[in-house]
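Asker: Below is a structure I'd like to ask you about.
Numbering (full-length UniProt numbering), first residue to last: 1 to 269.
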């Protein structure tokens, strides 16, 4: 009888010792041998009520549509102006006393359009006259009609470019800026003799910065360099960053109008 009582006493003491050594936390943990260190089991927790989903969309309308479908009082949008990105957390923290895991979110990275990427890639890139003419011909549909007297419309520019391609074997002698806003380029050719061709000083493009977005007008200056009879041409986009910023801000305003009950914060996490 005494032995049984002693065993129960030892058991009670052991249970008390274990109870006092437990850490009070909602996150399960395990005492692992070899030093008896504490290891959190947070990553192994299963929350059947928590949606875990990251979606990437490629248009503002899809972003708005997705947020509209799943939003609730927790939902917020972060506008990362530095990286031209919008990210909406469907399950963000409701308040400082009600944290959530933010595992359900959708991202719109504002992917650039193919046309914008092409003109950005060759911005200020020197080309021989044939390569330059072929590039302009390929993207002639991006040339915008404009009321600016110093800019050349697409149809007229195409005629210039096609004529310019015929000078591939010519030696250029001089370049003169005319009053109508064009460059006159004098050349000589062994077969056709001397001649002149023209290109504008400035062109206006109508391209969308973002994929499936609204086209914007962006101007570009035509530059040239004449060296030992060879003519090099390039264009320089005028303030392309401002066009990107304006297009991005327009999307942000649209989000605020279309999703008035979802707060938009400029920043990122």
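Heads up, the beta-carbon is just placed ideally off N, CA and C, and yes, glycines get one too.
So the candidates are 263, 268, 269 and 267; which of them puts its Cα closest to the Cα of residue 74?
Answerer: Among 263, 268, 269 and 267, the Cα nearest to that of residue 74 is on 263.
Asker: Can the beta-carbon of residue 210 be found closer than 8 Å to that of residue 113?
Answerer: Yes.
Asker: Could you compute how far the alpha carbon of residue 258 sits from the alpha carbon of residue 93?
Answerer: C-alpha separation (whole angstroms): 22 Å.
Asker: Assuming residue 185 contacts residue 196 under a Cβ cut-off of 8 Å, what Cβ separation, rounded to an integer in Å, is found between them?
Answerer: Confirmed, about 7 Å.
Asker: Measuring straight from C-alpha to C-alpha, what distance separates residue 52 and residue 248?
Answerer: Those two C-alpha atoms are separated by around 28 Å.
Asker: For residue 217, report the span of its beta strand (DSSP E) as first-last.
Answerer: Taken as a continuous stretch (DSSP letters only), the beta strand (DSSP E) holding residue 217 covers 216–227.
Asker: Taking the alpha-carbon of residue 178 as reference, which of 198, 143 and 265 has the nearest alpha-carbon?
Answerer: Ranking the options by Cα distance to residue 178, first place goes to 198.
Asker: Over what stretch of residues does the alpha helix (DSSP H) that includes residue 61 continue unbroken?
Answerer: That run of the alpha helix (DSSP H) goes 60–70.
Asker: DSSP state of residue 254, grouped into three classes?
Answerer: If DSSP states are grouped into helix, strand and coil, residue 254 belongs with the helices.
Asker: In the DSSP assignment, the beta strand (DSSP E) including residue 202 goes from what residue to what residue?
Answerer: Where residue 202 is concerned, the enclosing beta strand (DSSP E) stretches over 202–207.
Asker: Using the Cα positions of residue 241 and residue 190, report the straight-line distance between them to the nearest angstrom.
Answerer: Cα to Cα, the separation comes out at about 45 Å.
Asker: Rank 69, 169, 99 and 81 by C-alpha distance to the C-alpha of residue 253 and give the top, closest one.
Answerer: The option with the nearest alpha carbon to residue 253 is 81.
Asker: Hey, would you say residue 226 sits closer than 8 Å to residue 129, going by beta carbons?
Answerer: Taking 8 Å as the Cβ cut-off, residue 226 and residue 129 do not qualify as a contacting pair.
Asker: For residue 203, which option in 167, 71, 163 and 141 has the closest C-alpha, if you only look at C-alpha atoms?
Answerer: If we check each option's Cα against that of residue 203, 141 comes out closest.
Asker: So, for residue 266: in the same chain, excluding its five sequence neighbours on each side, which residues have a beta-carbon less than 7 Å away from its beta-carbon?
Answerer: Here the set comprises 79 and 81.
Asker: Please state whether DSSP places residue 98 in a helix, a strand or coil.
Answerer: In the structure shown, residue 98 sits in a strand (DSSP, three-state: E or B).
Asker: Mind checking who residue 112 pairs with in its DSSP beta bridge?
Answerer: Note: residue 112 sits in a beta bridge opposite 210.
Asker: For the alpha helix (DSSP H) that contains residue 131, what are its first and last residues?
Answerer: Looking at the DSSP string, the run of the alpha helix (DSSP H) that includes residue 131 is 129–138.
Asker: With 16 other CB atoms within 10 Å as the buried threshold, where does residue 251 fall?
Answerer: Under this definition residue 251 is a buried residue.
Asker: Report the rounded CA-to-CA distance for residue 136 versus residue 160, giving the unit in angstroms.
Answerer: The straight-line gap from Cα to Cα measures roughly 10 Å.
Asker: Roughly how many whole angstroms lie between the Cα atoms of residue 70 and residue 90?
Answerer: Approximately 7 Å between the Cα atoms of the pair.
Asker: Between which two residues does the beta strand (DSSP E) carrying residue 85 extend?
Answerer: Residue 85 -> beta strand (DSSP E) spans 85–89.
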